[in-house]
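One structure is given here, and the rest of the page talks about it.
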Amino acid sequence: MDFTFTEEQQAAAEAARGVFAGVAPDAVPSPALTRGAVADTFDRALWDRLAAADLLSLLLDEESGGAGLDAVALCLVLRESAKVLARVPLLEHSAALAAVQADGGPEARSALLARAGRGEVVLTVAANGRTGHDPAELAVTARLEHGDDADTHTGTGTGTGTGTGSGDGAGGTGGGSWVLDGVQTAVPWAYDADFTLVPARTGDDRSVLALVPREHQGVVLAEQISTTGERLGELCLESVRIPARDVITADGAWERLRALLATGTCALALGLGERVLRMTGDYTSKREQFGHPIASFQAVAVQTADRYIDLRAMEVTLWQAAWRIASGAPGALPASGDVAVAKIWASDGVRRIVQTAQHLHGGFGADADYPLHRYHAWAKHLELSLGPAAAHEEALGDLLAAHPLG
1158 MDFTFTEEQQ AAAEAARGVF AGVAPDAVPS PALTRGAVAD TFDRALWDRL AAADLLSLLL
1218 DEESGGAGLD AVALCLVLRE SAKVLARVPL LEHSAALAAV QADGGPEARS ALLARAGRGE
1278 VVLTVAANGR TGHDPAELAV TARLEHGDDA DTHTGTGTGT GTGTGSGDGA GGTGGGSWVL
1338 DGVQTAVPWA YDADFTLVPA RTGDDRSVLA LVPREHQGVV LAEQISTTGE RLGELCLESV
1398 RIPARDVITA DGAWERLRAL LATGTCALAL GLGERVLRMT GDYTSKREQF GHPIASFQAV
1458 AVQTADRYID LRAMEVTLWQ AAWRIASGAP GALPASGDVA VAKIWASDGV RRIVQTAQHL
1518 HGGFGADADY PLHRYHAWAK HLELSLGPAA AHEEALGDLL AAHPLG
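Start counting the sequence shown at 1158; every next residue gets the next number (the numbering used here).
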């Protein structure tokens, strides 16, 4: 295990710092003062700058116009984005692209990868299930139907073709269409994305991933609002027919996508926590009581030291998970165990950091003209995204039971 970042990874982080340097975390109305969503769409100007800096195509191979980098590079960029509360679907878009590239059929890859890498097509992922607590793949059912009027494509059975129906490719047997029914809640950027990658369960208990267009027969969106003030979507699917070429059936595709999403969420939590602790340090160094900066008081120093320890634990577990995903290296537990540990620390750690920050800022921290309350709202969203700490503790317990250590 080597946590030294490569020159390419460091270059991606440096490019991200340049792009995000001018982003203001309070560029939209405060969620505390806004009825409904804080904005109609994400930051399109920032999205264009990310595309121009080739940061939307980090995970794509060179053949598709990308940099061919890995999950570590993506997490470095996400870390920088969270420091300024960047309002862009960078994580969901990048993770969906990675899934299509790794497991999608040739037609889906040809139609989407290059255009999405340039930011011309926006992707998101429905990963919260029906209630936010149940597994996302169980919230939607998928069944394969054949017909003369359906698109028919034959595949190679290698994990990159369509039409094998064996769980090894990206499509159903002999082509046809997949019919989706169900509900996915709290889909990020659902009103802005051109396609949502939706996990679903088949009758023979396999998971598939379907590329569902935003405007499609049987697709209904209902508005939901996050704690951040961003607009989410409840995605209702009523007998939605998706061509087999746009459905990924490769074994483990959903599990790999979910692991990348969870790890990326940890990177966002780390970047947010770092910025909040910096804000707290700056404030307590200037705020005086009894003629001394409150940062010099033992009680304040102990609390900030504890939060610094949280940050370092969040960081090391994040890079462990990202490294396992990127390298495929074996370990005592599957990589999902490292992802669970990272998400436990991210969820608990970011919550403790923003709560301590609010406490040490006093009433000033609740002032809607000061950005700390925005970071608190985003932290709560990240804490619960892809499952709270308790859900990942349960998953880790199951892994430990199945893979005894020692």
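Glycine residues also receive a C-beta, built at the ideal position from the N, C-alpha and C atoms.
Bear in mind that the values here come from a model prediction, so they are computed numbers and not experimental data.
Check                                                                                                            : Outcome
Segments assigned alpha helix (DSSP H), at least 4 residues, entirely inside the region 1228-1312                : 1228-1240, 1247-1260 and 1263-1274
DSSP beta-bridge partners of Leu1213                                                                             : DSSP output for Leu1213 lists no bridge partner at all.
Neighbour-count burial assignment, Val1377, 16 or more Cβ in a 10 Å radius                                       : exposed
Trp1476 in three-state terms, based on DSSP                                                                      : helix
CB-CB length for Ala1172 against Leu1212, believed under 8 Å                                                     : 6 Å
Beta carbon of Glu1573 nearer than 8 Å to that of Pro1356                                                        : Because the chain here runs from 1158 to 1563, residue 1573 falls outside it and cannot be looked at.
Nearest candidate by alpha-carbon position, reference Leu1392, set Ile1451, Ala1426 and Ala1296                  : Ala1296
Contact set for Ala1478: own chain, Cβ-Cβ below 6 Å, skip 5 residues either direction                            : Thr1420, Asp1495, Val1496 and Ala1499
Counted within 10 angstroms of its Cβ, other Cβ atoms place Pro1561 as buried (16 or more) or exposed            : exposed
Buried or exposed (CB count within 10 angstroms, at least 16 for buried), Leu1190                                : exposed
Residues bridged to Asp1338 [DSSP beta-bridge criterion]                                                         : Thr1298
For Ala1357, the residue or residues it bridges with in DSSP                                                     : Val1365
Counterpart residues of Gly1390 in DSSP-defined beta bridges                                                     : Val1344 and Glu1380
Short Cβ contact (8 Å threshold) for Arg1531 with Asp1200                                                        : no
Identity of the residue in Gly1179, Val1257 and Leu1247 nearest Arg1402 by Cα                                    : Val1257
Those runs of the alpha helix (DSSP H) which lie wholly inside the region 1466-1526 and span at least 4 residues : 1492-1518
Alpha-carbon spacing of Leu1337 relative to Gly1360, whole angstroms                                             : 12 Å
Residue interval of the alpha helix (DSSP H) (run including Gly1421)                                             : Ala1410 to Lys1443
Alpha carbon of Ala1170 to alpha carbon of Pro1487, nearest angstrom                                             : 27 Å
Per DSSP, cross-strand counterpart(s) of Val1138                                                                 : Residue 1138 lies beyond the stretch modelled for the chain, which goes from 1158 to 1563, so this question has no answer here.
Contact check, Leu1475 vs Cys1232, beta carbons under 8 Å                                                        : yes
Local Cβ density within 10 Å of Thr1288, reported as buried at 16 or more and exposed below that                 : exposed
Thr1437, buried or exposed, once every other Cβ within 10 Å from all chains shown has been counted against 16    : buried
Three-state class that DSSP yields for Gln1374 in the structure shown                                            : coil
Where Phe1352 falls: helix, strand or coil (DSSP)                                                                : strand
Endpoints, the alpha helix (DSSP H) within which Ala1552 is located                                              : Ala1546 to Ala1559
Buried or exposed by the 16-neighbour rule on C-beta atoms within 10 Å, applied to Gln1515                       : buried
Rounded separation between Gly1324 and Glu1219 - CA only                                                         : Unreliable positioning characterises Gly1324 in this predicted model, as indicated by a pLDDT of 37, which lies under 50. A coordinate reading is not provided.
Arg1464 burial status per 10 Å Cβ neighbour count (16 or more: buried)                                           : buried
Where Val1404 falls: helix, strand or coil (DSSP)                                                                : strand
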